[in-house]
Amino acid sequence: HWMHADALATMYPTAKVDRNVLFVDDGNLITSAGTAAGIDACLHLVRRELGSEVTNIIARRMVVPPQRDGGQRQYIDQPIPVKCSERFAPHLDWILANLDKPHTVTTLSRRA
235 HWMHADALAT MYPTAKVDRN VLFVDDGNLI TSAGTAAGID ACLHLVRREL GSEVTNIIAR
295 RMVVPPQRDG GQRQYIDQPI PVKCSERFAP HLDWILANLD KPHTVTTLSR RA
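The numbering of the sequence shown is my numbering, which starts it at 235 and goes up by one.
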């Protein structure tokens, strides 16, 4: 995942980690930056192996663009949650401050 690119580069210092692309096609190996970029990489592979016509059919069925430039950087550093109501806001803030804890319906309902 693109959020872990720095950790990947640290763990494997001889690997070339490109943080600014959606996917990399190195012939027999294709890697991607995350879930949506994985779809881009798969469509790229289909295009490479079967052509644009097949890729366009698949992309239409998936309701995704048939091709995004592989050089497009991932933009979202951290999604910002939407607070639904003033009553719910303190609970959401608590969850965000305690992401290391498990949050089940039961445990959250006890806090309500």
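Note that beta-carbon positions come from the ideal geometry of N, C-alpha and C, so glycine has one too. Being a predicted model, the structure only gives us computed values, none of them experimental.
Could you give the DSSP three-state label for residue i: helix, strand or coil?
| i | result |
| --- | --- |
| Asp274 | helix |
| Thr338 | coil |
| Thr248 | coil |
| Arg321 | coil |
| Ile279 | The identity of residue 279 in the sequence shown is Leu, whereas the question assumes Ile. Correct three-state label for Leu279: helix. |
| Leu333 | coil |
| Arg345 | helix |
Kindly indicate the opening and closing residues of the beta strand (DSSP E) around residue i.
| i | result |
| --- | --- |
| Asp259 | 257-259 |
Would you call the CB atoms of residue i and residue j closer than 8 Å?
| i | j | result |
| --- | --- | --- |
| Asp274 | Ser266 | yes |
| Leu242 | Val251 | yes |
| Arg281 | Thr289 | yes |
| Leu256 | Ala239 | no |
| Ala293 | Leu277 | yes |
Which first and last residues belong to the alpha helix (DSSP H) in which residue i is found?
| i | result |
| --- | --- |
| Ser286 | 286-296 |
| Trp236 | Taken as a continuous stretch (DSSP letters only), Trp236 belongs to no alpha helix (DSSP H), as it is neither H nor E. |
Return the bridge partner residues of residue i from the DSSP annotation.
| i | result |
| --- | --- |
| Ile264 | Asp259 |
Thinking C-alpha only, which one of the options is nearest residue i?
| i | options | result |
| --- | --- | --- |
| Gly285 | Ala271, Trp236, Pro300, Phe322 | Pro300 |
| His235 | Asn254, Pro247, Ala346 | Asn254 |
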